[in-house]
Structure formats: structure tokens, C-alpha cells
Amino acid sequence: MPFRDECGVFGISPATEASRQTYLGLYALQHRGQEAAGICSRDKGQLFLHKDQGYVADIFDEATLDSLPGDAAIGHTRYSTTGGNVASAAHPFLIHGRFGQVSLCHNGNLTNTERLRAKLIEAGHTFTSPSDSEVILALINRAEADTLEGAVLETLRQIEGAFSLLILTEDALMATRDPHGFRPLAMGSLGSGVVFASETCAFDLVGAQYTRDVEPGELVVCRAGGCTSEFPRPKVQAKPCVFEHVYFARPDSLVYGLTVAATRRAMGRLLAQRHPVEADMVVPVPDSGVAAALGYAEESGIPFEFGMIRNHYVGRTFIEPKQNIRSFGVKVKLNPVRSLVAGKRVVLVDDSIVRGTTSKKIVQMVREAGAKEVHLRISSPPTTHSCFYGIDTPSREQLIASSRDNEAIRAFVDADSLGYLTLEDLQQAVSDEQRGQGFCYACFTGDYAVDPEGAKLAAPGLAPFQD
Ligand code: SF4
């Protein structure tokens, strides 16, 4: 089972009912963060904000959307990578400062937050939350430049790590990605307006057309007269997160110009070539394992079956029975179809193994449902290192593949066989060589493009990793 999700951003300008369009965009991006959401809109140069903890559908209603007037808006769905799951860390952030009202939302994780925060506090700044996004706004407000755009450029030269940002000001909508482009950010059009989103599935819901990605290191500034583009820092090798294709993004999204459903299917086909096995059925661990399982079934000729069902309605918190029920946390989300798997040799396809405890429970569930054999296939390489670029991961010691080899992991999860995709296979599935783009593979290799020193992996209050 995967790492925890990150965040989703959406922005639009100009558009009729901009906040309602943003609400729809956030709905499509709900899978990227379920802990909080917010929208900031602009009407005649004035900014309006509403944000809260919870799901998008629970936070906004007719009245709250009516309180967000205007023809421009940005929004955010949040999973706490830094800042903990506290209301004060919900996005967007809004300040009234030197450049008037400025609002910001952020997908990513700065790696030099603590140093910047300490300097700002030294200079007399006070913070209302532990969020690194507030640090970015403080830097903009305290920049030496005397224009807002100059202050944003100055800030972008100081912050390190992973950031896809949307900034709404009294007269502009800005979008930017860090120089390595760790996190995605797509650009599109809707009528005469410009639209930005973490994933293109948000464009589909509002009827926008995908134009291109905001490039790594690019700052796009859109005003009434149109959009301009500049690159505040020297270009470096792009390192977009490959895990977006393994797990995070929705299969119907285009991420870095590649269809996620197609790359996942290719991972499954390569996995079948790499680790064939005699079996009666291929069963995905839903939902993220589905496309790779289809690819495995296609390549191997073994029938695909929905032999495991996911309950999509499990909230952020559920109340467990007081008496300890074995594997309850997994059972509430996943349940095997007994009539399908009983007496069968099952190939179970999942996207990743993190600590191994969830995989062990899933294998056990399938065995208890009567499966004769369970062969676990993982559509990514062993995750041996933590992520410092916007994904919540356990510390390295807790990653099972950081200290155990394949056979030891197989024995731990109690599968009849275990096979991972190789790094080369993953690179092939995302057409890395042909594109010459390069991806971040650091959680599989430990090859970090930006020094993670000082990155705050787990802030106080961060929700514990569920695996
Ligand atoms: Fe993505 Fe892994 Fe790189 Fe983090 S370390 S950005 S999860 S590929």
C-alpha cells in the first residue's frame, strides 16, 4: 500500500462563478488530500477566503460559495505534509501586507523552511501556523523589491525543495513550479480564461482544455491583458515525481504530458514479463492497483478479476470496536470476494509496499477467503528511502525494503512469491529515455536532487502513517 497523499491546487481567471468552478476543480482533486480544503476568490480587487478541515463537499455549501464572489479564484485540498493536521495550516493563506492582499496555496514541501523561518522570526516576523507556505508569503512581504512581481521573483530565488504554487493578488493570478518540477502543475484554458490544476482530471470536470504544463522553474503571471512567463533561476535537470504515475494521480489525468492509465498499464505489462507465474486470476488491490493489474493480465493471458472490493465511503476517522479485531483497519476498506478467490491461485497486484504491515494483512485476508496461493506483484521498485518533496512517508528505518531483501519481505508478508518492478522497467514505463526528461526516483534510489538536510519530514501533530 502506498505512501500518503499530498495536496491538490486549482486556480482560474477570469471566469464566471470562479469560486464554483474552483469548488468543482477541488472535487476532482479530492484524492490528493482529504484533511482540509479552501478557496480564495477575488472580486473587484478584493479577496475573499473560506477554508476548513474536512472534505470539499462538507466545507462548502451555497452560502459559503456565495460569500466567495468574483471572476478569479484559487483553491486547495490538503493532506498535511508539514504543519500537522491543524485548522490554522489549511490553505489558501491570505495576508494583507505591503503589496495589498496576497493569497497563496502550495503543493510540495520546502527543504529550507526552518532556516528561513528562523531568519524571519529573528527579523521580527510572527507566524500563525507551522506551515512552510506561510514562510513563502512572509518572504514575499519582506522582499527588497518594490513591486509584487519583483518580490515573488526574489522569493523564488530563496526557497528550496518542492513547490507548485498558485498566488492570487489584487490584479493577478500567478503559477509557478520549483526548478526541478517535483510536483505537477498543468495549465489550460476555459473560454477566455486561464486555468491551473495539479492534474488534468480537474480540467475535465469544469470543461477546460489542457494547454501545457507549467514548466519546472517557470513563473506564469496572468493579468487582464494575458499571461507572461519567466524563469527566475538557472535551468536544472527536471525531476518530476515518478510516484505520481505509480500511485498519486488519478488514472484519467495527464501528468507531465503522459496519461496515467497508460503508464500504469505499461508497468503491469513489464511486471508480468519480469515476474511471470502460473495462476488462475489477476486481482488488483483497488483502486491504485487496477491499471497495473490490467496490464499484468493482458501480458500474461491470466484472467483479470475484481477479486477485492474497496469501500469508498470510509471517512478520515472511523471508530474501531473496543475489542481488538484482527486487521480491522484494512478490513474496513478492503474485502475479498470469496466466491471468486476461493480455491484459486491469485496474482495480487499492488502499487507499492511501505512498511509491509498492510500488505501482510491483505495477503492474509485473501488467504482467509480461501485462495490456494497468493503471489504478490508490486508495480514499482522497492521503496528504500523517505520522500522530502511533498509526500508523507515514514522514516527510512520503517520502510521494510530499506533493511530487508526480497525473500525476507516475501516471508514477512507471507506471500507464495513476491516480485517488484525494476527501476529500469519503471523508467521504460514512463518513457524516460525517449523523453529525455528525467524523473525523481529518490524513494527507490536515495539519489536526492535537492539536499534533504533540514527538511521537516514530520511536524508535530502530523497524522501517523497508516500502514
Ligand atoms: Fe516522488 Fe519518491 Fe521523488 Fe518523493 S522521493 S518526489 S515520492 S519519486
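With the working numbering applied, the sequence shown has no gaps in its numbers, which climb one by one up to 476 at the end. For every residue, glycine included, the Cβ atom is placed at its ideal position computed from N, Cα and C.
Val-229 and Ser-361 have their C-alpha atoms spaced approximately 35 Å apart. The region 299–314 makes contact with the region 262–278: 3 or more CB pairs, one atom from each, lie closer than 8 Å. A contact is defined here as three or more CB-CB pairs under 8 Å, and the region 287–302 fails this definition with respect to the region 236–245. DSSP, reduced to helix, strand and coil, places Leu-174 within a strand of the structure shown. Glu-239 sits in a strand when the DSSP states are folded into three classes.
Counting C-beta pairs with one atom in each stretch, the region 131–139 and the region 194–204 have fewer than three that are closer than 8 Å, which means they do not touch. For Glu-208, the CB stays at least 8 Å from every heavy atom of the ligand SF4.
Distances from the CB of Val-251 to the heavy atoms of the ligand SF4 include at least one below 8 Å.
Excluding the 5 residues flanking it on each side, Pro-345 has same chain C-beta neighbours closer than 7 Å at Gly-316, Met-317, Met-374, Val-375 and Ala-378, in chain order.
Secondary structure note for Gly-202: its beta strand (DSSP E) is the uninterrupted segment 202–206. Cβ-Cβ distances below 6 Å link Tyr-457 to Ala-451 in the same chain, with the five nearest sequence neighbours on each side left out; the list follows chain order. Boundaries for Gly-304: no beta strand (DSSP E) harbours it, while the alpha helix (DSSP H) harbouring it runs 299–309, taken from the DSSP string. Counting C-beta atoms within 10 angstroms of its own C-beta, Val-161 has 16 or more neighbours from the protein chains shown and is therefore classed as buried. Asp-61: member of the beta strand (DSSP E) spanning 55–62, first to last residue. By the Cβ-count criterion, Thr-185 is buried, with 16 or more other Cβ atoms from all chains shown falling within 10 Å of its own Cβ. Less than 9 Å separates the beta-carbon of Asp-434 from that of Leu-279. Residue range 426–429 is occupied by the beta strand (DSSP E) that includes Gly-428. In the DSSP annotation of this structure, the continuous segment of the alpha helix (DSSP H) that includes Glu-158 starts and ends at 157–165.
Counting of Cβ neighbours within 10 angstroms places Pro-225 among the buried residues, the total reaching 16 or more.
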